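> Using our numbering, count along the sequence shown one by one with no gaps and you end on 415.
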Amino acid sequence: MQAAVEANTLIQSLIAEVEKVVVGKHNEIVLLITSMLAGGHVLIEDVPGVGKTTLAAALSRAAGLSFKRAQFTPDVMASDITGFNIYNRSKEQFEFREGLVMCNILLADEINRASPKTQSALLEAMEEGQVTVDGQTYTIPTPFMVIATQNPSGYIGTYPLPEAQLDRFIMRLSMGYPTEAEEMSIISDRKTENPLLKVESITDADSIQRLRQIISTVTVSGEISRYIVQLVAATRNAKSISLGASPRASLALMKLSQAYAFIRGRDYVLAEDVSALFVPAVAHRIILSQEARLNQTGAAEALAEVARNVEVPYKTQR
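(1) Taking 6 Å as the limit between beta carbons, can you name the residues of its chain near Phe-359, skipping five residues before and five after?
(2) Does the beta-carbon of Met-223 have 16 or more other beta-carbons within 10 angstroms, so that it is buried, or is it exposed?
(3) Mind the definition here: the stretch 150-168 touches the stretch 373-380 only if three or more C-beta pairs lie below 8 Å; say whether that holds.
(4) Check Val-147 in the structure and name its three-state DSSP category.
(5) For the alpha helix (DSSP H) containing Lys-214, list its first residue and its last residue.
(6) Excluding five sequence neighbours on each side, which residues of the same chain lie with their C-beta closer than 8 Å to the C-beta of Phe-181?
(7) Ile-321 and Pro-410 look like a contact to me (Cβ under 8 Å); what is the Cβ gap, rounded to whole Å?
(8) Could you tell me whether the stretch 382-394 touches the stretch 336-352, where touching means 3 or more Cβ pairs closer than 8 Å?
(9) Along the chain, which unbroken stretches of the beta strand (DSSP E) at least 3 residues long are found entirely within the stretch 267-346?
(10) If I measure Cβ to Cβ from Leu-156 and keep anything under 6 Å in the same chain, skipping five residues before and after, which residues do I get?
(11) Which of the three DSSP states, helix, strand or coil, is assigned to Asp-370?
(12) Residues in the same chain with beta-carbon distance under 6 Å from Pro-275, minus the five sequence neighbours each way, listed in chain order, please.
(13) Considering only the alpha carbon of each residue, which of Ser-110, Pro-257 and Ala-167 lies closest to Glu-297?
(14) Helix or strand or just coil, what does DSSP make of Asn-248?
(15) Going by C-alpha distance, which of Ile-244, Phe-191 and Arg-269 is nearest Gln-233?
(16) Quick one: what's got a C-beta closer than 7 Å to Val-66's C-beta in the same chain, skipping five residues either side?
(17) In three-state DSSP terms, what is Asn-406?
(18) Nearest to Ala-104 by alpha carbon, out of Asn-248, Val-366 and Ala-356?
(19) Please report the distance separating the alpha-carbon of Ala-404 from that of Leu-294.
(20) From Gln-393 to Ala-399, what distance separates their C-alpha atoms?
(21) Using the rule of at least 16 other Cβ atoms within 10 Å of the residue's Cβ for burial, across every protein chain shown, is Lys-188 buried or exposed?
Structure, rendered in structure tokens:
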């Protein structure tokens, strides 16, 4: 019990450190940390300049994790991601040069501007936790998390991620514009120095791994498991959705719910945890029907309708 209390205190301190830099985005910070503790990767879809890069950099600094940023363009090659062998003439042998994935947190900026081959190389590394170069396998450091970004309004010259690859992300987030007061705070904080320099490392890779182990023990009752499955299954029969979510979505929703419940100070999952995560965990995994698109129905709206039609288990077994 004491270990769980200390772990939760550590997570709250981590959230507070990130909030030193990212203003007015408490919910987004909590969801990003939830994804990290659940062992998943995140896609942030929003317009440029709203703090996506700052959020990723602040999280890596506060968590004490190694961080790399990849600015994706069409000429970025798969070998830039995975690494490559180069011949050393003085030693008369090939040497492995690490790719961008050899870190704890990789910011894949504008991932939809990379070629499909490069995207596939990154997503394979995300799934396997390792890369293979010329028959030799190299293990990616743990924990490993990809925070990918893309601009939803600029699709000219891009390669949108197909549904099968979007499904590899445990969650999709959107930052949104700040309020006037928040934007005033942002420019005030940056008059003389970079706020990132104020962020202190309060954990490390080993601590994050221990937190993940503790969170994996959070209780998910049979009733809650059934609720998760029924929610995801309902997306496959909804009129507004032509392609529903796969069982991978159910698994992601369960893991996220465990982490989210723990952050909120519980060692058991409630239906409200699942409901809070349903849209960010599933919206990018579905395809809306033609009728829904014509009616300008969004994924969040379609999923809200799905959730309303699924009975909520209020009497949760702990």
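Beta carbons are placed, not taken as given, at the ideal position from N, Cα and C, and that holds for glycine.
If you're wondering where the values come from, they're calculated on a predicted model, not measured in any experiment.
Let me spell this out:
(1) The count along the sequence shown starts at 1 and reaches residue 359 at position 262. Around Phe-359: Ile-312 and Val-315.
(2) Within the sequence shown, residue 223 is the residue found at index 126, counting from 1. Residue environment for Met-223: buried (at least 16 other C-beta atoms within 10 angstroms of its C-beta).
(3) No, because fewer than three Cβ pairs between the stretch 150-168 and the stretch 373-380 fall closer than 8 Å, the two stretches do not touch.
(4) Here residue 147 refers to the residue found at position 50 of the sequence shown. DSSP, read as helix, strand or coil, puts Val-147 in coil.
(5) Looking up residue 214 in the sequence shown gives position 117. Per DSSP, the unbroken alpha helix (DSSP H) holding Lys-214 starts and ends at 213-225.
(6) By one-based count along the sequence shown, residue 181 stands at place 84. Contacts found: Phe-193, Arg-194, Gly-196 and Val-230.
(7) Against the sequence shown, residue 321 aligns to sequence position 224. Against the sequence shown, residue 410 aligns to sequence position 313. For Ile-321 against Pro-410, the beta-carbon gap comes to about 7 Å, under 8 Å, which counts as contact.
(8) Touching, yes.
(9) Within the stretch 267-346, the runs of beta strand (DSSP E) that reach at least 3 residues and sit entirely inside it are, in chain order, 268-270 and 338-340.
(10) Here residue 156 refers to the residue found at position 59 when the sequence shown is read from its first residue. Leaving aside the five residues that flank Leu-156 on each side, the residues in its chain whose CB is nearer than 6 Å to its CB run, in chain order, Val-115.
(11) Taking the first residue of the sequence shown as 1, we reach residue 370 at position 273. Asp-370 falls in the helix class under three-state DSSP.
(12) Working through the sequence shown from its first residue, we reach residue 275 at position 178. Gly-121, listed in sequence order.
(13) On the sequence shown, residue 297 is found 200 positions in, with the first residue counted as 1. Of the listed residues, the one whose Cα sits closest to Glu-297 is Ser-110.
(14) By 1-based counting over the sequence shown, the position of residue 248 is 151. Coil, per DSSP.
(15) What you label residue 233 is simply residue 136 of the sequence shown in a count that begins at 1. With distances taken between Cα atoms, Gln-233 lies closest to Phe-191.
(16) As shown, the chain starts at 98 and ends at 415. That puts residue 66 outside it, with no answer to give.
(17) In the sequence shown, the residue the question calls residue 406 occupies position 309. If DSSP states are grouped into helix, strand and coil, Asn-406 belongs with coil.
(18) Within the sequence shown, the letter at position 7 stands for residue 104. Minimum Cα distance to Ala-104 is reached at Ala-356.
(19) Taking the first residue of the sequence shown as 1, we reach residue 404 at position 307. Taking the first residue of the sequence shown as 1, we reach residue 294 at position 197. For Ala-404 and Leu-294, the distance between alpha carbons rounds to 42 Å.
(20) Position 296 of the sequence shown, counting from 1, holds the residue named residue 393. Position 302 of the sequence shown, counting from 1, holds the residue named residue 399. One alpha carbon belongs to Gln-393, the other to Ala-399, and they sit about 10 Å apart.
(21) Mapped onto the sequence shown, residue 188 falls at position 91. The residue in question, Lys-188, is exposed, as its Cβ has fewer than 16 Cβ neighbours within 10 Å.
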